[in-house]
Each structure stands twice: as structure tokens, then as C-alpha cells.
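Novice: So that we are looking at the same thing, I have put the structure below in C-alpha cells.
In full-length UniProt numbering, the protein residues as written are 1 to 499.
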């Protein structure tokens with residue numbers, strides 16, 4: 001009788017594990033679908049808005065906002081305090097943690113606003129741009145406004161309720177476009193971008209509370225706050241380093257080369273990150289909650305990570321090589337001839353975006369495995385290397401040199417990241433690297449096809465060259481993948497069927 005009970009209990013547990021696994025797969029697939037849909041939609045909207053504003057405004061206007069955001073974005077790192085990540089990682093007493101976080105966010109946001117407001121004159125003096133002082137003080141309101149957005153956003157991510165986030169993401173972006181374009185048409189210049197950004201934050205807060213089911217009960221627990229901050233401080237530490245990495249190039253360019261060159265660089269960086277890094281953002285938002293759910297099952301964790309990095313590389317690698325080869329036609333057709341100085345920087349930065357996307361995808365593995373300190377260590381090394389290279393390369397080669405100084409350390413960190421990931425999933429670097437082979441092979445065919453077309457189409461208009469390059473490159477890449485790895489299409493078909 002006891003034996004029968006033992007086997008029945010074991011069968012029950014096994015069946016329960018299968019059901020939980022199937023439920024997680026369905027949630028993951030749905031999450032990827034809705035995040036992909038919303039991200040693509042947002043990028044299309046943002047891309048259109050950027051083109052319109054780039055034609056209405058001058059490069060210097062974008063440069064001034066980029067300088068202002070150097071200060072603002074530093075304090076914005078602390079808006080989340082790593083608590084959002086800790087909340088997703090946390091398995092028990094979630095409601096108590098959420099109520100505690102509800103008080104922490106605005107409390108620190110006010111402090112950051114005051115500090116940012118006070119240091120604005122010094123920042124303007126450092127960059128020799130007096131107008132930046134008022135821009136920083138205006139943008140600092142983002143801290144206070146956005147502190148009421150972080151918590152519901154983390155709760156929706158934790159529960160994989162990404163469908164609910166579409167309206168809170170799309171409506172504010174459209175509102176930003178209406179405000180910024182209207183002001184630009186009426187001659188507000190750089191303030192079109194500043195006021196538009198504030199409108200975006202306000203609309204984001206209103207929209208996200210409209211869709212989230214959770215409401216605060218206004219209870220603060222000191223012990224819970226300590227636990228959240230303890231986990232979050234490692235995340236914040238890495239985020240500080242990430243912020244310094246993200247501003248060291250714009251700081252040197254803004255200081256040494258002026259607002260116009262910074263405007264060219266900002267546009268190039270935005271295009272470089274448009275495809276490759278955005279793919280990782282889509283996946284990261286879904287996979288960190290998933291990794292956290294299966295953090296104790298290393299076999300499942302390995303399988304999920306390898307599949308994730310494979311799919312990211314299938315999009316990021318061809319996007320990078322594609323941008324590299326069509327960069328000049330793309331800038332000329334989409335942004336206009338006045339932005340052509342950004343081409344060389346764009347061709348380097350697209351590889352920076354590729355390494356960033358693959359690093360970011362792997363960093364979630366560290367966090368889910370309870371090793372956020374690994375991320376901090378690598379970010380520190382990357383910052384040191386960039387600091388050494390940035391000044392001499394920027395002085396000698398301008399924004400092209402700054403792009404190289406950003407790209408080289410990131411590429412090195414990418415290889416170190418994969419080696420560390422291998423330790424977590426008990427596999428070699430070569431095992432992880434095999435995931436990139438299909439994307440690399442297909443991208444080489446893509447480059448040869450587009451290069452051949454550009455060689456024979458030199459007399460044609462840039463619009464025709466660009467349009468056919470995109471169509472040809474996409475078709476050749478998909479066809480080559482079909483011939484090289486047809487099983488990948490079967491996997492994707494299976495995911496869609498589960499969706």
C-alpha cells in the first residue's frame with residue numbers, strides 16, 4: 001500500500017512539474033509575442049518621430065539635450081534603486097515588498113531632483129553651454145514623475161503581463177510626438193524635445209496605473225526594505241558603471257568637439273541601437289522573470305539561455321552587418337545630407353550595438369543565478385578600458401575615434417561574458433559560440449549580395465539603392481538560413497503554434 005502511495009505521489013509531482021513547465025512555456029511565448037509587438041510598434045513610431053524632428057531641428061538641438069541627459073540619466077539610475085529587479089527576483093511576500101517599494105521610489109526621487117537642480121550650473125559651465133542649465137533643471141522633473149511609474153511596471157514584468165503594457169507605452173509616445181512636433185513647428189527649438197520628454201513621462205505614469213490591477217495598502221516594512229535594497233545595490237552598482245560607460249563618449253565629444261558633433265554622434269548611436277540592441281531588450285524583459293522562475297533548475301536554465309542567445313543572434317548579427325553596408329544611403333535618404341558626417345561613426349557603432357545586445361542578454365543569467373556581482377565586475381573593466389582609449393582616439397579621429405573607443409572594450413567584454421556564462425550553465429565557450437554560427441553564415445551571404453548590388457547600382461538614386469538593398473539583403477539572409485538550418489524555422493513554427 002505504501003509502495004502504491006509512493007508511486008502515486010511521485011507521478012503526481014511529475015505531472016505537476018510538466019503542467020507548470022507547459023504553463024511557463026505558454027507565458028514565455030506570449031510574453032515574447034507581446035513584447036516584440038509593442039517594441040516594434042514603439043520603434044516604428046519613434047523612428048518616424050526622430051526623422052520628422054531631425055528635419056525640423058538642428059544637430060545642435062539634439063546635442064544640447066544629449067548633454068542635459070548626461071546629468072539627468074545619472075540620477076535616473078537610482079530611480080529604480082535595483083528594487084524593481086529585486087521585486088522580480090523575489091518569490092515570497094511580494095505584496096509586502098511592493099507596498100514597501102511604493103514609498104521608497106518617490107522618497108529618493110525628490111532627493112535626486114534637488115541634487116540635479118543644484119548642480120545644473122556647474123554642468124553648464126563644464127560643457128561651456130549656458131543653455132544646458134535650464135534644460136537640466138527642467139528634465140530633472142523626470143525623477144519625481146517617473147518614481148510613480150517604476151513599481152507598476154515591475155509588477156507587470158514579474159507576472160509576465162506584457163500585453164497590458166502596450167497602451168502605457170504607445171499612447172505616451174504618440175503624445176510625445178504631438179507635443180514635440182507642434183512646438184518644433186512653432187519655433188521652440190531645443191525646448192520641443194525637453195517639454196515633449198516631460199509630457200511622455202506624465203502620460204506614462206497615468207497610463208500604467210490605469211492598466212495595473214495592484215493598488216497600494218500604504219504599509220512600509222523596514223526589514224523588507226533592507227532585503228530589497230541589499231539585492232538591488234549590486235544591480236545599482238552595475239547600473240552606475242553602465243551609465244558611466246554610456247556617457248563617457250558623449251562627455252568627451254561634447255567637451256572636446258562641441259554640440260554639433262555630439263548631435264551627429266547621438267543620431268549614429270541611435271540608429272546603431274535601433275535593431276541589434278533592441279532585440280535583446282525585447283528578450284531581456286521576458287527572460288529575466290522566466291530565468292528567475294527556473295533559477296534552481298540548472299538544466300532548464302541552460303536550455304532556456306542557449307535558445308535565447310541563439311534567437312537574439314539570428315536577428316542582431318544580420319542587422320549589424322546590414323546597417324554597416326547601407327549606412328551612407330540610409331543617412332542620406334532618411335535624415336538628409338546635413339547628417340552625412342555621422343556615417344563613419346555609425347558603421348563602427350553598429351558593432352558596438354551588437355556586442356551590447358549579446359552582453360545584455362547574458363547578464364540576465366547572472367541576475368537569475370544570484371550573481372549580480374559578475375555584471376558589476378565586467379562593467380568596471382569596460383569603463384576602465386574606455387577611459388584609457390576615449391581621449392586620445394577622440395582627439396585624433398573625432399567622433400569616428402570615439403566610436404572605436406566605445407566598440408573595442410565592449411567586444412572584449414562580450415567574450416569574457418560568454419566565458420562566465422559557461423561556468424553558470426556548466427558548458428564551454430565553444431558550446432555557446434556554436435549558437436552564433438547560423439547568423440554569421442547568413443550575414444556573410446547578405447553582405448556579398450548587397451555589396452554586389454551597390455557595385456552595379458552606383459548610377460541609380462540613393463532611394464532606389466537603399467530600398468532594393470534592404471529587400472535583397474533580407475531575402476538572401478532568410479533563404480540562406482532556410483538552406484543552412486531548416487530546423488530553426490520548425491522551432492519558430494512550434495513557438496508560434498504554442499502562442
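We treat Cβ as the ideally placed atom computed from N, Cα and C, and that holds for glycine.
1. Assuming residue 149 is part of the alpha helix (DSSP H), what are its boundary residues?
2. Return the chain-ordered ranges of every alpha helix (DSSP H) run that is complete within the stretch 310-393 and spans a minimum of 4 residues.
3. As a quick exercise: from 454, 480, 98, 252, pick the residue whose alpha carbon is nearest that of residue 441.
4. Going by beta carbon distance, what residues of the same chain come within less than 7 Å of residue 211, once the five residues before and after it are set aside?
5. Our contact map puts residue 57 next to residue 259 with C-beta atoms below 8 Å; I'd like the distance itself, whole angstroms only.
6. Can you tell me whether residue 40 is buried or exposed? The criterion is at least 16 other CB atoms within 10 Å of its CB, across all chains shown.
7. By DSSP, does residue 218 sit in helix, in strand, or in coil?
8. Say whether the stretch 339-350 touches the stretch 395-415, bearing in mind that this needs 3 or more beta-carbon pairs closer than 8 Å, one atom from each stretch.
9. So, do the stretch 109-120 and the stretch 169-178 have three or more beta carbon pairs nearer to each other than 8 Å?
10. Beta carbon of residue 228, beta carbon of residue 321: below 8 Å?
11. Entirely within the stretch 413-494 and at least 4 residues each: give me those alpha helix (DSSP H) ranges in chain order.
12. Would you mind sorting residue 487 into buried or exposed? The rule is 16 or more other CB atoms within 10 Å of its CB.
13. What is the rounded straight-line gap between the Cα of residue 149 and the Cα of residue 192?
14. Measure the CB-CB distance between residue 270 and residue 67 and report whether it falls below 8 Å.
15. Check the C-beta distance from residue 462 over to residue 332 and give it rounded, since I have them as a contact under 8 Å.
16. When burial is assigned at 16 or more other CB atoms within 10 Å of the CB, is residue 314 buried or exposed?
17. Under a Cβ-count criterion, where at least 16 other Cβ atoms within 10 Å of its own Cβ denotes burial, should residue 187 be classed as buried or exposed?
18. Does residue 60 come out as helix, strand or coil in the three-state DSSP assignment?
19. Note down the Cα distance separating residue 86 from residue 204, rounded to an integer number of angstroms.
20. Relative to the alpha-carbon of residue 101, which residue among 427, 443, 221 has its alpha-carbon at the smallest distance?
21. Mark residue 388 as exposed unless 16 or more other C-beta atoms lie within 10 angstroms of its C-beta, in which case mark it buried.
22. Would you report the Cα separation of residue 242 and residue 456, rounded to the nearest angstrom?
23. Cutting at 6 Å between CB atoms, please list the residues of its own chain near residue 420, excluding the five before and the five after it.
24. Taking residue 361 as the reference, give the member of 138, 380, 307, 346 with the closest Cα.
25. Please state the DSSP three-state secondary structure of residue 44.
26. If we count the other Cβ atoms within 10 Å of its Cβ and call it buried at 16 or more, is residue 483 buried or exposed?
27. Using a Cβ-Cβ cut-off of 6 Å (strictly less than) and excluding sequence neighbours within five positions of residue 9, which residues of its own chain qualify?
28. How many Å lie between residue 268 and residue 346 at the Cα?
29. Entirely within the stretch 137-193 and at least 3 residues each: give me those beta strand (DSSP E) ranges in chain order.
30. I'd like to know whether the C-beta atoms of residue 189 and residue 272 end up nearer to each other than 8 Å.
31. Taking DSSP as the reference, what is the three-state secondary structure of residue 133?
32. How about residue 329 and residue 475: do their beta carbons lie closer than 8 Å?
33. Mind checking whether residue 116 and residue 136 have CB atoms under 8 Å apart?
34. Do you know how far the Cα of residue 96 is from the Cα of residue 223?
35. For residue 99, which residues from the same chain have a beta carbon less than 6 Å from its beta carbon, with the 5 sequence-adjacent residues on both sides left out?
Specialist: Inspection of the coordinates gives the following:
1. Looking at the DSSP string, residue 149 is not in any alpha helix (DSSP H), and its letter there is neither H nor E.
2. Entirely contained in the stretch 310-393, the alpha helix (DSSP H) runs reaching 4 residues are, in chain order, 343-368.
3. When C-alpha distances from residue 441 are compared across 454, 480, 98, 252, the shortest belongs to 480.
4. Cβ within range, chain order: 164, 167, 168.
5. Taking 8 Å as the upper bound for CB-CB distance, residue 57 and residue 259 are not in contact here, some 12 Å apart.
6. Around the CB of residue 40, fewer than 16 other CB atoms lie within 10 Å, so the residue is classed as exposed.
7. Here residue 218 sits in coil by DSSP.
8. Taking a cut-off of 8 Å for Cβ pairs, the stretch 339-350 and the stretch 395-415 touch, as three or more such pairs fall below it.
9. Contact between the stretch 109-120 and the stretch 169-178 is absent, because fewer than three Cβ pairs lie under 8 Å.
10. Contact flag unset, no.
11. Within the stretch 413-494, the complete alpha helix (DSSP H) runs of at least 4 residues fall at 429-433, 437-456, 462-484.
12. Classification for residue 487: exposed.
13. Distance between the alpha carbons of residue 149 and residue 192: 23 Å.
14. No; because the gap between Cβ atoms is not below 8 Å, this pair is not in contact.
15. For residue 462 against residue 332, the beta-carbon gap comes to about 5 Å, under 8 Å, which counts as contact.
16. Counting Cβ neighbours within 10 Å, residue 314 comes out buried, since at least 16 surround it.
17. It is exposed - the Cβ of residue 187 has fewer than 16 other Cβ atoms within 10 Å.
18. Residue state, collapsed to three classes: helix.
19. Their backbone Cα atoms lie some 22 Å apart in a straight line.
20. For residue 101, the nearest C-alpha among the options comes from 221.
21. By the 10 Å Cβ count, residue 388 comes out exposed.
22. Taking C-alpha positions only, residue 242 is separated from residue 456 by approximately 43 Å.
23. 374.
24. Proximity to residue 361 across 138, 380, 307, 346 peaks at 307, based on C-alpha coordinates.
25. In the structure shown, residue 44 sits in a helix (DSSP, three-state: H, G or I).
26. A residue is called buried when at least 16 other Cβ atoms come within 10 angstroms of its Cβ; residue 483 does not meet this threshold and is exposed.
27. At residue 9, the pLDDT of 46 sits below 50, so the modelled position is not reliable; the number obtained from the coordinates is stated separately. Same-chain partners within the cutoff: there are none.
28. In a straight line, the C-alpha of residue 268 is about 5 Å away from that of residue 346.
29. Complete beta strand (DSSP E) runs here, min 3: none at all.
30. The Cβ atoms of residue 189 and residue 272 do not sit closer than 8 Å to each other.
31. Helix, per DSSP.
32. No.
33. Between residue 116 and residue 136, the C-beta gap is smaller than 8 Å, which places the two residues in contact.
34. Looking at the two C-alpha atoms, the distance is approximately 10 Å.
35. The residues are 216, 217, 219.
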